[in-house]
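Participant: Right, I'll just put the structure down here and ask away after.
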Amino acid sequence: MPQTPPAGKRKYKHEGAPYQSDWLERLAHFNTQFGRFVRDGLGVALIAFAAMMLFAILESIFTQLASGGDIPSNSLVGGLVLVPLTRLLRNWFGLGSLFIVLGIGYLGYALVRRERGGTRWGRVIPFEVASLLTLGLFAVFGGNDLLAPEAGWYGGTIGWGLAALLWRVAGVILGTLILLVLWLLAAITAFGGWTRLEVWLMQLAGEAHPQAVASPTPAEAHVEETQKPKSAPRKKAPAIPPEFRTSLKPAAKKEEKTLKPPPRADDLPPLSILLGDSAARADERTINQTAGLIMKTLSEFGIPATVIGYRVGSRRDAVCRPAGVHQKAGHR
Numbered sequence: 015m016p017q018t019p020p021a022g023k024r025k026y027k028h029e030g031a032p033y034q035s036d037w038l039e040r041l042a043h044f045n046t047q048f049g050r051f052v053r054d055g056l057g058v059a060l061i062a063f064a065a066m067m068l069f070a071i072l073e074s075i076f077t078q079l080a081s082g083g084d085i086p087s088n089s090l091v092g093g094l095v096l097v098p099l100t101r102l103l104r105n106w107f108g109l110g111s112l113f114i115v116l117g118i119g120y121l122g123y124a125l126v127r128r129e130r131g132g133t134r135w136g137r138v139i140p141f142e143v144a145s146l147l148t149l150g151l152f153a154v155f156g157g158n159d160l161l162a163p164e165a166g167w168y169g170g171t172i173g174w175g176l177a178a179l180l181w182r183v184a185g186v187i188l189g190t191l192i193l194l195v196l197w198l199l200a201a202i203t204a205f206g207g208w209t210r211l212e213v214w215l216m217q218l219a220g221e222a223h224p225q226a227v228a229s230p231t232p233a234e235a236h237v238e239e240t241q242k243p244k245s246a247p248r249k250k251a252p253a254i255p256p257e258f259r260t261s262l263k264p265a266a267k268k269e270e271k272t273l274k275p276p277p278r279a280d281d282l283p284p285l286s287i288l289l290g291d292s293a294a295r296a297d298e299r300t301i302n303q304t305a306g307l308i309m310k311t312l313s314e315f316g317i318p319a320t321v322i323g324y325r326v327g328s329r330r331d332a333v334c335r336p337a338g339v340h341q342k343a344g345h346r
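Those letters in the sequence shown? Residues 15 to 346, by the working numbering.
Quick look at the structure:
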């Protein structure tokens, strides 16, 4: 027989199900605790690897220049691991393998540095395109010979293929011009040359270059908003009909001498609770506005009344008398 759960215990559908975001929480916790150390270690490792690869490639180039043969299969600097990588990079990229090594070193530097700025993809992507087109230019300068990439010279296999493609589509002269123009555009964009060109043209035309005003970051804007709270909109006073308007004036402020209060018992409340009532002062506009509202409200209930005086305390007390009833001044 199936067992029924106890009446006091509810059974939910999600009970016993594994949390899918558990590994994300662990990863975020690990990044908070050890992320800085991991980035530093990875950055130092990339810089060291780039330095060793740079020495291995330079040794391979100078050794090949001295011997006049193919890429050397042994090296004093490279060793067992770096020599195959050196041959692979030089076969595919030729002299452009130096760009690959420098890119790896810069990536390690970006991980090590403390300033965490946003990646400027508008310059990174054109720089990569310019590096790729440089391989094609190297191949063009070497005559685009297939034997040169196999020996690790000029633009390697990638540069030879890029130049051969443009030559087959547009011809030798036009293909070379297209490659050169594309390389110039990518290089100018990568190094921010368009901004300098704009400034130079505006100076040549005799116009002042507009200075860019740095816009505040979202964090600074949020701090300014918190420091300057918006004032609440002032409520419009209700309109009082002319028949309920009064012309009461506030009493003149009297100078009161401060007297030393007599001693009070401990079980009595302190006299400081009366200071709030004495500090309240009402202006003429507030007095007449409140008196008019009182008379208007009473008239709506069929009670004709006229405000003849006021008193300022913890709350405003208006003195009313029915219409037609005469009272002496000061009598309530």
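C-beta: ideal position from N, C-alpha, C; glycine also.
1. Let me make sure I understand the geometry here. Which of L96, L79, I85 has the alpha-carbon closest to that of A62?
2. Which residues in the same chain as I192 place their Cβ atom closer than 7 Å to its Cβ, once the five residues preceding and following it in sequence are excluded?
3. Per DSSP, what kind of secondary structure is Y120 in: helix, strand or coil?
4. Determine the DSSP secondary structure at A165, reduced to helix, strand or coil.
5. Which whole-angstrom value describes the C-beta separation of I118 and T100, a residue pair presumed to lie in contact below a C-beta threshold of 8 Å?
6. What is the residue span of the alpha helix (DSSP H) that S261 lies within?
7. Within the continuous alpha helix (DSSP H) that includes K274, where are the two ends?
8. Based on Cα-Cα distance, which residue from P140, T304, T311 lies nearest to L196?
9. Considering only the beta carbon of each residue, do G166 and R104 sit closer than 8 Å?
10. Give the C-beta separation of A59 and R137 to the nearest angstrom, bearing in mind that I take them to be a contact with Cβ-Cβ under 8 Å.
11. At which residues does the alpha helix (DSSP H) containing L109 begin and terminate?
12. Please report the distance separating the alpha-carbon of D36 from that of A124.
13. When the Cα of Y168 is compared with those of L151, L94, D297, which residue comes out closest?
14. Would A6 pass as a contact of V154 if the rule is Cβ separation under 8 Å?
15. From the DSSP output, in three-state form, read off A201 for me.
16. Note down the Cα distance separating Y120 from V126, rounded to an integer number of angstroms.
17. So, at 8 Å on beta carbons, what are the nonlocal neighbours of I85 in its own chain, with the 5 sequence-adjacent residues on each side left out?
18. I want to see whether chain B comes within less than 8 Å of F48, judged by CB atoms only; does it?
19. Once the 5 residues before and after F107 are set aside, which same chain residues still bring their CB inside 7 Å of it?
20. On a CA-only basis, which of G110, S81, M66, L211 is nearest L94? Give me that one, please.
21. Between S145 and G122, is the Cβ-Cβ spacing less than 8 Å?
22. Would the C-beta of I61 count as close to the ligand FMN, meaning under 7 Å from any of its heavy atoms?
23. In terms of residues, what are the limits of the alpha helix (DSSP H) holding I75?
24. Can you tell me whether R210 is helix, strand or coil according to DSSP?
25. How would you call P5, buried or exposed, if buried means at least 16 neighbouring beta carbons within 10 angstroms?
26. Within 10 angstroms of its Cβ, does M216 collect 16 or more other Cβ (buried), or is it exposed?
27. State the DSSP-derived secondary structure class of G157, mapped to helix, strand or coil.
28. Once the 5 residues before and after A228 are set aside, which same chain residues still bring their CB inside 7 Å of it?
Facilitator: This is what the structure holds:
1. Cα-wise, what sits closest to A62 is L96.
2. Excluding sequence positions up to five before and after I192, its CB lies within less than 7 Å of the CB of L180, A184, all in the same chain and listed in chain order.
3. Looking at Y120 - three-state DSSP - the assignment turns out to be helix.
4. In this structure, A165 counts as coil in the three-state DSSP scheme.
5. The distance from the Cβ of I118 to that of T100 is about 13 Å, inconsistent with a contact at the 8 Å cut-off.
6. Counting along the chain, S261 falls outside any alpha helix (DSSP H), and DSSP gives it neither H nor E.
7. Per DSSP, K274 belongs to no alpha helix (DSSP H) and is neither H nor E.
8. Ranked by Cα distance from L196, the first of P140, T304, T311 is P140.
9. Yes, Cβ-Cβ distance for G166 and R104 is below 8 Å.
10. Their Cβ separation, rounded to whole angstroms, is 26 Å, which puts A59 and R137 out of contact at 8 Å.
11. Careful: L109 lies outside any alpha helix (DSSP H) and carries neither H nor E.
12. The straight-line gap from Cα to Cα measures roughly 30 Å.
13. Comparing alpha-carbon positions, the option among L151, L94, D297 lying closest to Y168 turns out to be L151.
14. Examination of residue 6 is not possible in this model, given that the chain is present from 15 through 346 alone.
15. Helix at A201.
16. Straight-line Cα distance between these residues: approximately 10 Å.
17. Cβ contact annotation for I85 (same chain, cutoff 8 Å, sequence separation greater than five): S74, Q78, T100, R101, R104, N105, A165, G166, in chain order.
18. No chain B appears in this structure, which consists of one protein chain only.
19. Counting only Cβ-Cβ distances below 7 Å, and skipping sequence neighbours, we find I114, L149, G170, I172.
20. Comparing Cα-Cα distances from L94 to each of G110, S81, M66, L211, the minimum goes to M66.
21. It is not a contact, given that the beta carbons lie outside the stated cut-off.
22. The model on display carries no ligand, and the ligand FMN is accordingly not part of it.
23. It spans 36-81 - the alpha helix (DSSP H) in which I75 sits, taken as one unbroken run.
24. Helix.
25. Any answer about residue 5 is impossible in this case: the structure gives the chain only from 15 up to 346.
26. M216 comes out exposed.
27. Three-state DSSP puts G157 in coil, outside helix and strand.
28. Residue placement at A228 cannot be trusted, given a pLDDT of 49 that sits under 50; what the coordinates show is reported in the next sentence. Cβ neighbours of A228 beyond the five flanking positions: none.
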